[in-house]
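Student: These protein sequence lines are chains A and B, in that order. All residue numbers for the first sequence refer to the numbering used here, where the first residue is 4 and numbers rise by one. All residue numbers for the second sequence refer to the numbering used here, where the first residue is 22 and numbers rise by one. Here a beta-carbon is modelled for each residue, glycine too, at the ideal position from N, C-alpha and C.
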Amino acid sequence: MRHHPRTGDLALAAAVLLPLVVALPRLGWPADDAGAWLAWVGRAAGILGLAMLLLAAATSIRVPGWDRPFGGLARLWRLHHALGFGAFVLLMAHALALALAAVPLGVPVAVEVLFPPLSRGPVWLGWLAWLAMLLFLAPTFGFFGRPRYQTWKRLHLLSAAALLLALAHALPLAGEAWPWWLLGLAGLAAIAWRKLFSSRARLAYRIEAVEPLARGVVELVLAPEGRRLVHEPGQFVYLAPLDEALSAGRGEEHPYTLASAPADECLRIGIKDLGDASHALQSVTPGSMVQVEGPYGDFFGRHLSRRHRLWLAGGIGITPFVGGARDLLARGAVEGQVLLIYLANRPERAYYLEELEAIAERLAGFSVVSHYYLERGALDAAFLAAHCPDVAEREIHLCGPPAMNAHLRRLLAGQGVPRSRIHSEVLDFL
Amino acid sequence: MNTVAYTAFVAFLSSVLTLVSIHALSSPDATVPGNPEAITREELARHDSAESCWKAIHGTVYDVTGFIPDHPTPAAVMLEWCGRDASQAWENKRPGRPHSSFAEGMLERFRIGLLVD
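#1: Name, please, each residue of chain A whose Cβ falls closer than 9 Å to the Cβ of Met127 (chain B).
#2: Between which residues of its own chain and Ser63 (chain A) is the CB-CB distance below 6 Å, once the five residues before and five after are set aside?
#3: On the DSSP bridge assignment, give the partners of Gly445 (chain A) in chain order.
#4: Chain A partners of Leu40 (chain B), CB-CB under 9 Å?
#5: If you count every other CB in all the chains shown that lies within 10 Å of the CB of Met4 (chain A), and 16 or more means buried, which is it?
#6: Can you give me, in chain order, the residues of the stretch 134 to 148 of chain A that have a beta carbon less than 9 Å from any beta carbon in chain B?
#7: Enumerate in chain order the residues of its own chain whose CB-to-CB distance from Pro392 (chain A) is below 6 Å, with the five nearest sequence positions on each side excluded.
#8: Quick check: the Cα distance between Ser108 (chain B) and Arg62 (chain B), rounded to an integer number of angstroms?
#9: Give me the Cβ distance between Gly290 (chain A) and Ile210 (chain A), rounded to the nearest whole Å; I'm assuming they're in contact under 8 Å.
#10: Please report the straight-line C-alpha distance between Ala47 (chain A) and Gly187 (chain A), rounded to a whole angstrom.
#11: Would Ser373 (chain A) and Leu401 (chain A) qualify as a contact pair, given that the criterion is a beta-carbon distance under 8 Å?
#12: Is it true that the CB of Glu351 (chain A) sits closer than 8 Å to the CB of Ala217 (chain A)?
#13: Where Ile43 (chain B) and Val420 (chain A) are concerned, what is the direct C-alpha to C-alpha distance, given to the nearest angstrom?
#14: When you compare the CB positions of Gly45 (chain A) and Pro107 (chain A), do they come within less than 8 Å of one another, or not?
#15: Do Leu30 (chain A) and Leu93 (chain A) have their CB atoms nearer than 8 Å?
#16: Based on the DSSP secondary-structure assignment, which residues constitute the bridge partners of Gly273 (chain A)?
#17: List, from N- to C-terminal side, the alpha helix (DSSP H) runs of 4 residues or more that fit wholly inside the stretch 265 to 350 of chain A.
#18: Report yes or no: is there a C-beta of chain A within less than 8 Å of the C-beta of Pro66 (chain B)?
#19: Checking contacts by CB at 8 Å: is Ser36 (chain B) closer than that to chain D?
#20: Can you tell me whether Leu15 (chain A) is buried or exposed? The criterion is at least 16 other CB atoms within 10 Å of its CB, across all chains shown.
#21: I'd like to know if Met22 (chain B) contacts chain A, where contact means its C-beta is closer than 8 Å to some C-beta of that chain.
#22: Val92 (chain A) touches chain B at which residues, Cβ-Cβ below 8 Å?
#23: Residue range of the alpha helix (DSSP H) that Ser35 (chain B) falls in?
#24: Should Arg203 (chain A) be flagged as near chain B, meaning a C-beta pair shorter than 8 Å?
#25: Would you say Leu176 (chain A) reaches chain B, if we count a Cβ-Cβ gap shorter than 8 Å as a contact?
#26: Taking Gly75 (chain A) as the reference, give the member of A:Tyr345, A:Leu174, A:Gln285 and A:Val240 with the closest Cα.
#27: Helix, strand or coil: how does DSSP classify Val19 (chain A) here?
#28: Measure the alpha-carbon distance for Ala336 (chain A) versus Leu366 (chain A) and round it to whole angstroms.
#29: DSSP puts Val371 (chain A) in a beta bridge; with which residues?
#30: I want to verify the contact list: residues of chain A whose CB lies under 9 Å from the CB of Ile78 (chain B), in sequence order.
#31: Express the C-alpha separation of Gly237 (chain A) and Leu261 (chain A) in angstroms, rounding to a whole number.
#32: Would you list the residues sitting across from His257 (chain A) in a DSSP beta bridge?
#33: As a quick exercise: from A:Leu245, A:Leu343, A:Lys156 and A:Leu206, pick the residue whose alpha carbon is nearest that of Arg397 (chain A).
#34: Evaluate Trp314 (chain A) with the Cβ neighbour count: other Cβ atoms within 10 Å of its Cβ, from every protein chain shown; 16 or more gives buried, anything less gives exposed.
#35: According to DSSP, is Pro33 (chain A) part of a helix, a strand, or is it coil?
#36: Any beta carbon of chain B sitting closer than 8 Å to that of Met95 (chain A)?
Written out as structure tokens, the structure reads:
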């Protein structure tokens with residue numbers, strides 16, 4: 004199912020390589036000596052690094068639906084992170100390789116390549132761009148510990164300055180301007196959209212009910228005030244509550260998975276008390292307004308294979324599967340077989356279980372098994388063999404806390420399940 | 022990924038500082054004379070061929086004879102400017118675009134004197 008590269012990945016790879024391919028006839032191939040070779044590497048690293056920096060900006064865009072060719076927003080932002088990382092490393096390699104290439108001409112020449120007279124402005128603009136990159140990437144890469152989210156977000160705005168400085172560095176020095184205009188405008192447009200216009204894409208919903216599911220877990224029921232959100236099961240939204248009585252997180256957006264079926268009139272979101280904002284939402288005032296932006300994500304994938312499915316849920320990670328099960332019920336039929344193994348600490352923490360079991364009773368092909376950690380320890384091969392003997396043949400979706408995901412991936416790999424058949428989406432730091 | 026980024030950053034900074042330190046600690050370059058030789062326009066004009074090609078760029082004279090075969094453009098382009106003031110060619114590698122700082126560093130290797138009237 005995942006053996007073919009995604010269309011988004013192919014487009015991104017082509018865009019990364021475009022400026023280098025355009026520049027190749029000018030660059031030629033390096034001569035035999037080390038100096039010429041290093042100079043070539045330095046130029047190529049600069050071209051690739053700048054392309055990655057501009058595309059990192061372009062991939063920071065958040066438009067509902069645009070994330071799916073990349074396998075969901077979580078994955079798109081991992082690509083964004085990887086591009087930023089690549090740009091940072093390559094641009095340092097670019098400066099160093101060009102300087103070292105000039106060493107045969109004497110160390111003073113090499114130093115002057117890096118630090119020329121001020122009259123050669125573009126080179127110094129390159130240094131400023133690198134400095135701006137360093138300032139906004141140091142917290143991202145945790146150079147000095149993990150930053151506070153809001154500080155990190157503010158510092159990340161320096162990326163726009165780095166982008167402009169890097170373009171001002173490259174345009175006077177580069178041979179071909181049009182690829183840089185193209186990628187530069189894409190990057191700047193993405194930043195402008197995020198900071199200036201994205202709030203217009205939010206939909207207004209009213210909190211109809213706050214239903215307690217267990218201690219520290221509620222389900223919000225949201226009724227549309229205007230246009231309804233169109234989504235698929237297992238997708239997530241950014242939710243910004245506007246309730247004035249909230250103790251924290253008012254107007255702040257946080258990602259939550261939808262637990263409702265696409266056909267449902269109201270949106271349903273299961274929320275566990277995991278931080279200040281989700282704690283405050285436990286006692287949000289019914290009748291207050293929220294803004295909903297989305298849908299994002301590609302949890303169940305667009306091209307389901309014909310294999311039977313195994314759903315593995317842990318804790319609040321049950322929510323996309325609740326959405327999936329409610330969707331199966333709304334459709335009234337299951338293609339193949341779906342087995343949901345619900346991993347909880349103890350029976351009181353298995354929220355939604357009654358509803359899921361009721362759905363299983365009504366739908367042939369859908370079944371639910373619960374597994375309690377305090378009774379049996381972590382899920383093991385014997386439990387899998389007893390309840391899902393054909394695990395190696397199934398398409399597997401898993402959602403749960405990171406430690407559980409890691410344990411399950413190891414367990415499944417041990418059962419001969421190829422990685423390409425295990426699907427999960429981790430919503431951290433979005 | 023974070024560790025690699027940090028390592029690359031430290032390695033880059035160390036390399037640049039090493040280069041700058043070596044430069045600061047080494048004695049002044051003996052190949053560039055403190056009192057450059059004065060070269061007249063007549064003297065410059067005599068070196069106008071592939072056998073001996075001198076060029077004046079912004080008042081400094083360079084002997085680029087040995088570099089002609091290594092220069093990326095065809096030799097004819099280089100030879101056209103031998104024995105003359107080539108500032109204009111230097112500033113227009115492509116129309117409106119000067120040579121790079123890298124090329125500028127390379128040019129220093131061929132410096133032989135200052136142009137006088």
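Tutor: Working from what's here:
#1: Ala105, Leu108 and Val112
#2: Excluding positions up to five away in sequence, the list reads His83 and Ala193.
#3: Only positions 4 to 433 of chain A appear in this structure, which leaves residue 445 (chain A) out of reach.
#4: Leu99, Ala102, Leu103, Val106, Val110, Ala113, Val114 and Leu117
#5: Here the model assigns Met4 (chain A) a pLDDT of 41, short of 50, so the residue's position is not dependable, and the following value carries that caveat. Result: exposed.
#6: Leu137, Leu140, Ala141, Thr143, Phe144, Gly145 and Phe146
#7: none
#8: 14 Å
#9: 6 Å
#10: If I take the Cα positions, the gap works out to 18 Å.
#11: With respect to Leu401 (chain A), Ser373 (chain A) sits apart: the two C-beta atoms are not nearer than 8 Å.
#12: yes
#13: The straight-line gap from Cα to Cα measures roughly 56 Å.
#14: no
#15: Annotated as distal: Leu30 (chain A) and Leu93 (chain A), with beta-carbon spacing of 8 Å or more.
#16: A:Glu222
#17: 279 to 284 and 322 to 334
#18: For clarity, residue 66 (chain B) is Ala in the given sequence; the question names Pro instead. No, Ala66 (chain B) lies away from the interface with chain A (no Cβ there is under 8 Å from its Cβ).
#19: Absent from the structure: chain D. Protein chains present are A and B.
#20: Around the beta carbon of Leu15 (chain A), 16 or more other beta carbons sit within 10 angstroms, so the residue counts as buried.
#21: yes
#22: Val25, Ala26 and Ala29
#23: Asn23 to Leu46
#24: no
#25: yes
#26: A:Val240
#27: helix
#28: 7 Å
#29: Answer by DSSP bridge pairing, in chain order: A:Leu343.
#30: Ordered by position in chain A, no residue passes the 9 Å Cβ test against Ile78 (chain B), which lies about 15 Å from the chain.
#31: 6 Å
#32: A:Leu242
#33: A:Leu343
#34: buried
#35: coil
#36: yes
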